[in-house]
Structures are given as C-alpha cells and as structure tokens.
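Asker:
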Amino acid sequence: MPELPEVEHTRRRLERWLRGARIEHAKSRDARIVRPVSTRAFARQLTGAKIGRVERRGKWIRIDAGTHRLFVHLGMTGWFESPPLDAEPLPFERVTFVLARGRKRVRVSYVDPRRWGRLVLAREDLEAWTALGPDPLSDGIDLDVLQRRLARSNKRSIKEALLDQSVLAGVGNIQAIEALWKAGIDPRSHASALEARDLLALVRALHWTIERTLADLAKGDEGADNPFRVYGRKGEPCPRCATPFTRIELGGRTTTFCPGCQVRRVRAQT
DNA sequence: ATTATTGTTGGTAG
DNA sequence: TCTACCAACAATAA
C-alpha cells in the first residue's frame, strides 16, 4: 500500500470514520503492532477517548485521542477498513475499534498481513514524527534547505537520498522512481551534485507524481494493474524518448529508469 | 521451488 | 557520533 499518496488517502478515510467519535472498544492481540504498551493497556487507555484531528506527516498518521496520541505507520502492507459491526474478523485483522458518534456506531479495522505496521500510543510526539523532513505535499519545500540536506553525504545517490525520511517525508521507492523520471534525472546521480534547477524540477516532479497517484486513489478501486509510468516497466519504451527502461539496484531497492533521457550528474572526484 | 515486493530497524563495522 | 551496509521482519504473487 503505502507511500505518501496512499497514506494521505488513508488519512482522509480515517478522518471521515473517526473524527468527533468516541472509542467504545479498542481490541488487539498483536503486541508486535500495538506499541509500546501491552494490548491490554492499549485498550484501556483508548476506551472512552474522543477523537479529534487526524493528521499526516510523510508516511505517519497522528490521531488525536484526548489525553493520548495514536501514531500509525502502515509498514508495507497495512490498511484500514470499516466493515459492518457484526461481520466476521477479516483475514489478518490485527486491531479493531468500535466507535460511537451520536447514535451511530462504526467499526474500524486495521489489517496487515505482514505485520510490519505499527500503532503507537503516546502522550507526546514520537521522535519518528518530529525528525521527519518537510512533507512535499503539505509543506513548502525550501530549495536551499533541501540542497543542504542532500549534501550531507558526498557520494550518496539522489535516489537513496529521496528515500531518507529526514530529507523529505513520505517519498518511497515508487514515487522516487516516478519523480526522477519526470525530472529527467538519473537516479545514480550524486545527491550533492544536483544543481538548483535540478532540485526545482525534482520538487515539481514529486508534486506531479503524488497528485497523480492521489487522483487515481480518489477515483476508487480497480485502476489499471500498473498505473505508473516507469515503476515495474523494465524493457518497455520510455514514453518520452522510446529508449527501453533499465532496471538496477540502488541502496538495496529496485530502481527503474530511462538511460536515454535521465541525465546523470556526478560529483567530481578529488 | 525461486524470486520479488509500495518500509523501517537494529546490529555491526568503519 | 556519524555513515554505510545488510539481514530481519511475513505473506503473497509471478
């Protein structure tokens, strides 16, 4: 599921289901997902809480629950659904909330086959939340600040730097691949070698791919099997220059790009 | 059977 | 303290 656009989509749905509601029950048996308290303490501390704002930074969601804040990260395969109250437990349903708003009751279920996601209950903001870089969808990006953060390491590739959540929050493998293609930048380029106009193009490209993915999600279910321009399209012709897309590995992640029209910028060796 | 997958994190080595 | 690298987490699909 989740990079910035999927998480933002999730936030919007959660806000619809949760905002202004009161938690009647919160149930989980999964101490891997529910943290840092026991599942029992998790249920006890959330019961009765009234839900306020549902916010997002990068891939994290923060839910205001009265005295506590619930931080949600979807990992690789987490998502929320709102099944009927009396429906059977869903496959891989890890956490279940029952909420009341006026006379209406709603069930909100966290589902996560691989269990890499987390629901963290805290009274203060988590370091994982405060240490995030600016969010390219909701924050303005200061190009000078971005350039400084990218230059933190001399040899790191721009692709790896984009996945660093302290540089920009919410960019994942797919969005990075799509944006680098749109900006015409080779993912192997040194992050510290990009010029101001590259960064401007990159920030615009991020906006482009994030808004596009968000629009696809808002359209509802079943889009094309692969709605992306570059990701997962090794061997297919680049829409811009017809050179076949190449696939390499960078920082342990699969990276697809066009060797024909994505320009490689390298820092001079000294 | 084998390989790949939208993401962190914790260990180790430098 | 910092960066870099990598295995681990777990389930499914091709």
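Residues in the first sequence are numbered from 0 upward in steps of one, following numbering that gives the first Met the number 0. Cβ coordinates follow ideal geometry from the N, Cα and C atoms, glycine included. Keep in mind the model is a prediction, meaning the values are calculated, not measured.
Decide yes or no for the touch test of the segment 17-35 against the segment 117-125: beta carbon pairs closer than 8 angstroms, at least 3 of them.
Answerer: yes
Asker: Taking all protein chains shown into account, decide if E159 is buried (16 or more other Cβ within 10 angstroms of its Cβ) or exposed.
Answerer: As a first step, residue 159 must be located in the first sequence, where it is residue number 160. By the beta-carbon neighbour count (other beta carbons within 10 angstroms, threshold 16), E159 is buried.
Asker: From the DSSP output, read off the bridge partner residues of E80.
Answerer: Numbered from its first residue, the first sequence carries residue 80 at position 81. BP columns for E80 point to S108.
Asker: From S27 to R93, what does the alpha carbon distance come to, in whole angstroms?
Answerer: Taking the first residue of the first sequence as 1, we reach residue 27 at position 28. Taking the first residue of the first sequence as 1, we reach residue 93 at position 94. Looking at the two C-alpha atoms, the distance is approximately 6 angstroms.
Asker: Along the chain, where does the alpha helix (DSSP H) that runs through E14 open and close?
Answerer: As a first step, residue 14 is located in the first sequence; it is residue number 15 there, counting from the start. Per DSSP, the unbroken alpha helix (DSSP H) holding E14 starts and ends at 3-17.
Asker: Which two residues bound the contiguous alpha helix (DSSP H) that contains A200?
Answerer: Translated into positions along the first sequence, residue 200 becomes position 201. Its alpha helix (DSSP H) spans residues 195-217.
Asker: From the DSSP output, which residues share a beta bridge with R252?
Answerer: Taking the first sequence and counting its residues from 1, the one referred to as residue 252 is at position 253. Partner(s): L249.
Asker: Can you pull the DSSP bridge partners for W59?
Answerer: Stepping through the first sequence from its first residue, residue 59 is reached at position 60. R56, H72.
Asker: Indicate whether F70 and W59 have their beta-carbon atoms separated by less than 8 angstroms.
Answerer: Translated into positions along the first sequence, residue 70 becomes position 71. Translated into positions along the first sequence, residue 59 becomes position 60. The criterion of a C-beta distance shorter than 8 angstroms is satisfied by F70 and W59.
Asker: Look at I140 and L193 and say whether their C-beta atoms are less than 8 angstroms apart.
Answerer: Taking the first residue of the first sequence as 1, we reach residue 140 at position 141. Taking the first residue of the first sequence as 1, we reach residue 193 at position 194. In this structure, L193 does not lie closer than 8 angstroms to I140 by Cβ.
Asker: When we look at the beta-carbon of A204 and count the other beta-carbons within 10 Å, is it buried (16 or more) or exposed?
Answerer: The count along the first sequence starts at 1 and reaches residue 204 at position 205. Label assigned to A204: buried.
Asker: Between which two residues does the beta strand (DSSP E) harbouring E235 extend?
Answerer: Taking the first sequence and counting its residues from 1, one reaches residue 235 at position 236. Taken as a continuous stretch (DSSP letters only), E235 belongs to no beta strand (DSSP E), as it is neither H nor E.
Asker: Would you check if there are 3 or more beta carbon pairs closer than 8 angstroms linking the segment 246-263 to the segment 174-189?
Answerer: yes
Asker: Since R106 contacts P82 with CB under 8 angstroms, what's their CB separation in whole angstroms?
Answerer: Here residue 106 refers to the residue found at position 107 when the first sequence is read from its first residue. Here residue 82 refers to the residue found at position 83 when the first sequence is read from its first residue. Indeed, because the Cβ distance is near 6 angstroms, the residues count as touching under 8 angstroms.
Asker: Can you tell me which residues form a DSSP beta bridge with I120?
Answerer: The sequence position of residue 120 within the first sequence is 121, counting from 1. Looking at the sequence itself, residue 120 is Leu, so the reference to Ile does not match. According to DSSP, L120 bridges with L69.
Asker: Under a Cβ-count criterion, where at least 16 other Cβ atoms within 10 Å of its own Cβ denotes burial, should A25 be classed as buried or exposed?
Answerer: Working through the first sequence from its first residue, we reach residue 25 at position 26. That one is buried.
Asker: Taking three-plus beta-carbon pairs below 8 angstroms as touching, is the segment 138-155 in contact with the segment 222-242?
Answerer: As far as the Cβ criterion goes, the segment 138-155 does not touch the segment 222-242, which means the pair count is below three.
Asker: Just reading off the beta strand (DSSP E) that F96 is part of, what are its end residues?
Answerer: Working through the first sequence from its first residue, we reach residue 96 at position 97. Taken as a continuous stretch (DSSP letters only), the beta strand (DSSP E) holding F96 covers 92-100.
Asker: Who are the near neighbours of R232 in its chain, counting only those whose CB is closer than 8 angstroms to its CB and skipping five residues on each side?
Answerer: In the first sequence, the residue the question calls residue 232 occupies position 233. These residues qualify, in order along the chain: N225, F244, T255.
Asker: Express the C-alpha separation of R12 and L162 in angstroms, rounding to a whole number.
Answerer: As a working note, residue 162 is residue 163 in the first sequence. As a working note, residue 12 is residue 13 in the first sequence. So the two alpha carbons sit approximately 25 angstroms from each other.
Asker: Name the DSSP bridge partner or partners of S156?
Answerer: As a position in the first sequence, residue 156 is number 157, starting the count at 1. Its beta-bridge partners are H189.
Asker: Just the C-alpha distance for A86 and Y230, rounded to the nearest angstrom, thanks.
Answerer: Here the question's residue 86 lines up with position 87 in the first sequence. Here the question's residue 230 lines up with position 231 in the first sequence. If I take the Cα positions, the gap works out to 37 angstroms.
Asker: Determine the contact status of P4 and T253, defining contact as a CB-CB distance below 8 angstroms.
Answerer: If you number the first sequence from 1, residue 4 lands on position 5. If you number the first sequence from 1, residue 253 lands on position 254. Taking 8 angstroms as the Cβ cut-off, P4 and T253 do not qualify as a contacting pair.
Asker: C240: buried (16+ other C-beta within 10 angstroms of its C-beta) or exposed?
Answerer: Taking the first sequence and counting its residues from 1, the one referred to as residue 240 is at position 241. By the neighbour-count rule (16 or more Cβ atoms within 10 Å), C240 is not buried but exposed.
Asker: Count the other C-beta atoms from every protein chain shown that fall within 10 angstroms of the C-beta of E177, then say buried if there are 16 or more, exposed otherwise.
Answerer: Reading the first sequence from its first residue, position 178 is the one you call residue 177. When all chains shown are included, E177 counts as buried.
Asker: Taking 8 angstroms as the cut-off, decide whether the C-beta atoms of T129 and L73 are in contact.
Answerer: Taking the first residue of the first sequence as 1, we reach residue 129 at position 130. Taking the first residue of the first sequence as 1, we reach residue 73 at position 74. Contact flag unset, no.
Asker: To the nearest angstrom, how far is it from the Cα of P236 to the Cα of R155?
Answerer: Working through the first sequence from its first residue, we reach residue 236 at position 237. Working through the first sequence from its first residue, we reach residue 155 at position 156. Whole-angstrom Cα-Cα distance: 28 angstroms.
Asker: Within the same chain, show all residues whose beta-carbon is closer than 8 angstroms to that of A150, passing over the 5 residues directly before and after it, in chain order.
Answerer: The residue you call residue 150 lines up with position 151 of the first sequence. Here the set comprises A190, S191.
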